Each structure stands twice: as structure tokens, then as C-alpha cells.
Amino acid sequence: MTMFRIGEAAELLGVSVDTLRRWIDAGRIAATRGEHGHRVIDGVALAKFLQAQAADPENRADESSARNRLRGIVTAVVKDTVMAQVDIQAGPFRLVSLMSREAVDDLGLEVGSLAIAVIKSTTVVVEKSAGSRGSSL
Numbered sequence: 003m004t005m006f007r008i009g010e011a012a013e014l015l016g017v018s019v020d021t022l023r024r025w026i027d028a029g030r031i032a033a034t035r036g037e038h039g040h041r042v043i044d045g046v047a048l049a050k051f052l053q054a055q056a057a058d059p060e061n062r063a064d065e066s067s068a069r070n071r072l073r074g075i076v077t078a079v080v081k082d083t084v085m086a087q088v089d090i091q092a093g094p095f096r097l098v099s100l101m102s103r104e105a106v107d108d109l110g111l112e113v114g115s116l117a118i119a120v121i122k123s124t125t126v127v128v129e130k131s132a133g134s135r136g137s138s139l
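Add 2 to a position in the sequence shown, counting from 1, and you land on the number used in this note's numbering.
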């Protein structure tokens, strides 16, 4: 069984450790105490919580076949006469989008803007981290 420390789970959820602790205290997500007395969250419970968050209508766009949405902050916009590059920081992830300058202008994208990167791809590569993300018990 994979267990995640509070800091790891908060990072995966895209919230602060304090927010996750409040959610645990409010009963929104279950946590137990690990062998050293620290709070840990079961990987299955975390996955179910994330699925419920994704299914929440408040977290969804109107209608689209794309299912991969990452909400973040625009950190850079580089425009030339025709094209533009927009960098979005979504939690620990940097996303780069190339689009027309007209689209950037129409959307009003600028550094500090809230944006949602919508990703639709026929190929998604999944890797398992060799680091300490979660521990098997």
C-alpha cells in the first residue's frame, strides 16, 4: 500500500500543507498516523479524492472532449508579429504553449493572469518517479 506524507499529498493536490491539514481536520480526506507519528494519506484514498475533485462541476469547463486541465498563473508572454509563447506555472509544473499573437491578445493573457491549460493528446507518456514519492508498506 502506498502512503503519502502530508507535504507530498499537498503538492499532488496543488494546495498548501495548511490547506490539506484543514481538509483532514474537516473530514474531507482521511489521514492516519505513520510509524513515526506523522500524518499520512493512503494512495487509494488520495486518488479517490482527486477523482471527486475532477468530477466536481465547479472544476470543469462548459463542454469539451479534452479532459486534462491544469490551472495556473501566466509567468511569461513572448510575442512577435504573428506568434506568441505563453508560459504557465501550474503547481510545480511549467507548461509552454505556442499560439497566435491574436489569440493571446483576444484572451488578454499577460504575466500574472490566471489561465487553464487544456491538453488533448493522443500520446501521453507515464513515468514512475525513482525518487521518494510515496512509500510502499
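Glycine included, every Cβ here is placed at the ideal spot set by N, Cα and C.
These numbers come from a predicted model, not from an experiment.
According to DSSP, residues forming a beta bridge with residue i
i	result
Leu97	Ile90
Arg41	Arg35
Ser102	Met85
Burial state of residue i, where buried means 16 or more other Cβ atoms lie within 10 Å
i	result
Leu116	exposed
Leu15	buried
Where residue i falls: helix, strand or coil (DSSP)
i	result
Gly110	coil
Arg71	strand
Ile31	coil
Val80	strand
Ala117	strand
Thr124	coil
Beta-carbon proximity of residue i to residue j, cut-off 8 angstroms
i	j	result
Arg41	Ile26	yes
Arg73	Ile118	yes
Pro94	Glu37	no
Met85	Ser99	no
Asp89	Ala78	yes
Gly114	Val80	no
Gly45	Thr83	no
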